[in-house]
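Written below as structure tokens is the structure these notes are about.
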Amino acid sequence: MRPSLLLLLLILFCLTPLAAQETADYFRQNCMSCHTIGGGRLTGPDLKNVTQRKDRDWLIRFMLDPKGMIDAGDPYALELQRDARGSIMPTVVGMNRARAEALLNLIEAESKLEKSQFAGMQISDRPFTPADVEMGKQLFTGARPLMSGGAACISCHNVHGLGALGGGMLAPDLTTVFERYGGRKTLATWLTAPATPTMQNIFKTKPLQADEVLALTAYFQHTLQRSPEDPATARLNFVLIGLGGTLLLLGIFDVAWSRRFRAVRRPLIERKRMEILHEQ
Amino acid sequence: MNVRSQISMVFHLDKCIGCHTCSLACKNIWTDRRGTEYMWWNNVETKPGTGFPTQWEDQEKYRGGWKVVDGKLKLRSTDKRHTVTDIFHNPSQPTMDDYYEPWTYKYDELFNAPEGADQPTARPISMVTGEYINIESGPNWDDDLGGSPVYAENDPNFKGLSHEQRQQLFAIERLVFFYFPRICNHCLNPSCVASCPSGALYKRGEDGIVLIDQKRCRGWRSCIAACPYKKTFYNWSTGKSEKCVLCYPRLETGQAPACFHSCVGRIRYLGVLLYDADRLEEVAKLPDDQLVDGQRSLILNPNDPEVVAAALKNGIHESVVEHAQRSPVYQFVKEWKLALPPHIEFRTLPMLFYVPPMSPVMASKNDDTVESVSENFFHDIEEARVPLQFLANLFGAGHQAKVVYALKKQKAVRMYRRAVTVGDIDLKTAERLLTEAGSSVEEAEAIYRLTSLCTFDDRFVIPPMHREEAIEMIKDPHEHRASTGFGFVQSPERGL
Chain A
0 MRPSLLLLLL
10 ILFCLTPLAA
20 QETADYFRQN
30 CMSCHTIGGG
40 RLTGPDLKNV
50 TQRKDRDWLI
60 RFMLDPKGMI
70 DAGDPYALEL
80 QRDARGSIMP
90 TVVGMNRARA
100 EALLNLIEAE
110 SKLEKSQFAG
120 MQISDRPFTP
130 ADVEMGKQLF
140 TGARPLMSGG
150 AACISCHNVH
160 GLGALGGGML
170 APDLTTVFER
180 YGGRKTLATW
190 LTAPATPTMQ
200 NIFKTKPLQA
210 DEVLALTAYF
220 QHTLQRSPED
230 PATARLNFVL
240 IGLGGTLLLL
250 GIFDVAWSRR
260 FRAVRRPLIE
270 RKRMEILHEQ
Chain B
0 MNVRSQISMV
10 FHLDKCIGCH
20 TCSLACKNIW
30 TDRRGTEYMW
40 WNNVETKPGT
50 GFPTQWEDQE
60 KYRGGWKVVD
70 GKLKLRSTDK
80 RHTVTDIFHN
90 PSQPTMDDYY
100 EPWTYKYDEL
110 FNAPEGADQP
120 TARPISMVTG
130 EYINIESGPN
140 WDDDLGGSPV
150 YAENDPNFKG
160 LSHEQRQQLF
170 AIERLVFFYF
180 PRICNHCLNP
190 SCVASCPSGA
200 LYKRGEDGIV
210 LIDQKRCRGW
220 RSCIAACPYK
230 KTFYNWSTGK
240 SEKCVLCYPR
250 LETGQAPACF
260 HSCVGRIRYL
270 GVLLYDADRL
280 EEVAKLPDDQ
290 LVDGQRSLIL
300 NPNDPEVVAA
310 ALKNGIHESV
320 VEHAQRSPVY
330 QFVKEWKLAL
340 PPHIEFRTLP
350 MLFYVPPMSP
360 VMASKNDDTV
370 ESVSENFFHD
380 IEEARVPLQF
390 LANLFGAGHQ
400 AKVVYALKKQ
410 KAVRMYRRAV
420 TVGDIDLKTA
430 ERLLTEAGSS
440 VEEAEAIYRL
450 TSLCTFDDRF
460 VIPPMHREEA
470 IEMIKDPHEH
480 RASTGFGFVQ
490 SPERGL
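Line by line, the protein sequences are chains A and B. Residue numbers for the first sequence follow numbering that gives the first Met the number 0, beginning at 0 and rising by one. Residue numbers for the second sequence follow numbering that gives the first Met the number 0, beginning at 0 and rising by one.
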């Protein structure tokens, strides 16, 4: 196929109105972790009849760049952030104007239904047991691998009290995530399909299983009793342990190679110099 | 009998004047490149002294050579197991400080210095870093310092000497030293070759020269730790190790190696020896006191028809055998037993032999008269300024008998020649001395000729190297025959 023809097909494909099913899938993948349509608020607000609450143009601008709107000091955006206990809606992967339009159309259509397919996931509400907490801890630390083969939480996240070295420092401390995300239902929903760009990249193809989500939620509820670790202390601990470990390793090397060659000429001269000094 | 040929050497220490001409000849040809400035493939040491690198003879420190463990030969530094564990950190590696940091002087400062009240000076700069340095040591830092409290006193060959004997050596009226020129010994059982993890070192089949393949060398430096004579060196610029090549390009064209050729004192002899490779391991495992004899027994008589037949059968060229029959080394080592291997207790079976040096004549005291000649003509061997044990540690693996034999014979030859030329000694007495020393008039004449009247051709009996035969094993020497000779950068085309 000639390159120009390929390009033409590509443009045609982009111009085709996004199919309804594709938009629904997109919503499920990217929005459902924080939003419902008619199911009450999770991390983000319930989107039922959102087009009636705010004009389309504003909504599209917000969907394209949530953080920008908040940084720009838009009063309604700030209010939304307050309602979400400070969580900022992430910039959604693959969001563009056409997609935003399609999403709003979908929300409008779904809002008219008595029971939307996006009214919220079925999250188990059986009480947590100590076994759940224990399993959650094992999943978090990687002692028990995730079923789908995803990376253990500890690679990037920390929870206070995980041991001297703690967890990763790449991503936020999760000690109080249960509270920040507004409780069990919200957190569990979010974990089922994490929507932030980083988490999505990792867990899109390797989603958490329902029982894993339950265990992790239980664990995060359990860790709520602790206060998050002070980053300065954590860093100091890390440096001190690192130094200690280095010294220990050097000590081991010193013993392992104790028969190694040491200087010959210099000690010879030093010894004589000391002898002469003593004689004087 | 597995007969092989080996280019071997004899250094006659009694003739060495310590002028370092050999070292400079070698340096100018081979080691004046960047990264090799600190190498001295040939160096001349003062004994007693610590040598180059400092105290190289002390294998407790440097761990070179072989040791016998449970009836097996093992490298002291890098046996098979340690090749793996120590490959990134060889614990027996000497540092540059134990050699010396090579330096030059900033001569341009003599011309470019701004006008001032003081004379301009050329300050020393390191040839490694280019920075100004304080010179702390050099390759012959202990040169002529026979009685120095740092260098001479720490000579590892004082092992086994009593405290009094050592102290006497440093008494001012007894000060003594001799010179000890060293090159690679091109050993029969080279530990450098055995230690190389890359298999870059090899002993040339046709002449026994030990070489490092610069293409295969990966700079692991195992050979540097393994060589007990510290005669392989690491080139920090190319990242490969280098060593004495016995000037093989000169040998292949019939010339003596540069250090041999330039030797002012004519102390160096070179010739080919035939030896039995089948018995190498057996000999290398002998107890210390039998090593010298063991090595001598490896060297075969090139006049023995059986040996000649076996040599020819093994592919040694007729001309090489013929040169072996005229080899001065064979005479010194095997026939006269004057030349001894250095530190054979390292068990690498070095093929460079030394004629031990005579000490300055000692006066003896009879009541109040000082006499330079005593009734016992050999007295100044046992009572020499250089203690016999010192020479024995250097050339006899700690055992004196072989050294005493070589010194006595030399002394007897001297006395015999004195009787002939000066005549103040009775010829009968001289002949008795020769008999006592296990020699004869004929042998004394031969020794005298090869020691004092030797020409180039007497000293260097260089066999034809027959490179064409060695190359035949690898490729066809006629490979390019009738295909080269007239080349074009661009091939001409005929026609339009």
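Just so you know, even glycine gets a beta-carbon here, dropped at the ideal spot from N, CA and C.
Can you round the beta-carbon distance between residue i and residue j to whole angstroms, since I take them to be within the 8 angstroms contact cut?
i	j	result
residue 269(B)	residue 8(B)	5 angstroms
residue 295(B)	residue 333(B)	6 angstroms
residue 446(B)	residue 335(B)	6 angstroms
residue 192(A)	residue 31(A)	6 angstroms
residue 241(B)	residue 35(B)	6 angstroms
residue 46(A)	residue 106(A)	5 angstroms
residue 87(A)	residue 53(A)	Contact flag wrong, Cβ pair sits at about 18 angstroms.
Let me make sure I understand the geometry here. Which of the options has the alpha-carbon closest to that of residue i?
i	options	result
residue 194(B)	74(B), 466(B), 388(B)	74(B)
residue 24(B)	481(B), 486(B), 232(B), 245(B)	245(B)
residue 132(B)	322(B), 122(B), 263(B), 435(B)	122(B)
residue 181(B)	393(B), 128(B), 78(B)	393(B)
residue 104(A)	153(A), 196(A), 204(A), 58(A)	58(A)
residue 68(B)	445(B), 85(B), 284(B)	284(B)
residue 321(B)	282(B), 28(B), 464(B)	464(B)
residue 277(B)	253(B), 459(B), 17(B), 187(B)	187(B)
residue 264(B)	452(B), 478(B), 59(B)	452(B)
residue 220(B)	286(B), 344(B), 339(B), 93(B)	93(B)
residue 56(B)	26(B), 86(B), 396(B), 13(B)	396(B)
residue 444(B)	484(B), 412(B), 37(B), 304(B)	412(B)
residue 145(B)	173(B), 164(B), 161(B), 288(B)	173(B)
residue 138(B)	1(B), 40(B), 4(B), 248(B)	40(B)
Please tell me whether residue i and residue j are closer than 8 angstroms, where the distance is taken between their beta carbons.
i	j	result
residue 264(A)	residue 141(B)	no
residue 306(B)	residue 462(B)	no
residue 149(A)	residue 207(A)	yes
residue 197(B)	residue 216(B)	yes
residue 199(B)	residue 89(B)	no
residue 300(A)	residue 159(A)	It is not possible to answer for residue 300(A), since the shown part of chain A is limited to 0 through 279.
residue 329(B)	residue 297(B)	no
residue 42(A)	residue 189(A)	yes
residue 201(B)	residue 218(B)	no
residue 145(A)	residue 214(A)	no
residue 349(B)	residue 356(B)	no
residue 437(B)	residue 415(B)	no
residue 64(A)	residue 22(A)	no
residue 407(B)	residue 424(B)	no
residue 50(B)	residue 59(B)	no
residue 358(B)	residue 21(B)	no
Can you tell me whether residue i is helix, strand or coil according to DSSP?
i	result
residue 6(B)	strand
residue 168(B)	helix
residue 26(A)	helix
residue 336(A)	Because chain A in this structure spans residues 0 to 279, residue 336(A) falls outside the shown range and cannot be described.
residue 0(A)	Bear in mind that the predicted position of residue 0(A) carries a pLDDT of just 48, short of 50, making it unreliable; the figure below should be weighed with that in mind. Note: residue 0(A) maps to coil in three-state DSSP.
residue 268(B)	strand
residue 220(B)	coil
residue 211(B)	strand
residue 261(A)	coil
residue 488(B)	coil
residue 57(A)	helix
residue 425(B)	coil
residue 160(B)	coil
residue 407(B)	helix
residue 30(B)	coil
residue 181(B)	strand
residue 459(B)	strand
residue 398(B)	coil
residue 483(B)	coil
residue 244(A)	helix
Exercise. Give, in chain order, every unbroken run of the beta strand (DSSP E) that is at least 3 residues long and sits entirely within the region 115-146 of chain B.
Key: Restricting attention to beta strand (DSSP E) runs no shorter than 3 residues, the region 115-146 of chain B encloses them at 123-125, ordered along the chain.
Self-check item: beta strand (DSSP E) segments (min. 3 residues) lying fully within the region 180-214 of chain A
Solution: Runs found: none.
Self-check item: Segments of 3+ residues assigned as beta strand (DSSP E) that fall wholly inside the region 277-328 of chain B
Solution: The qualifying runs do not exist here; there are none.
Practice problem: Only counting runs of 3 or more residues, tell me where the beta strand (DSSP E) segments fall wholly within the region 64-110 of chain B, in order along the chain. | Solution: Within the region 64-110 of chain B, the runs of beta strand (DSSP E) that reach at least 3 residues and sit entirely inside it are, in chain order, 65-68, 71-74, 102-104.
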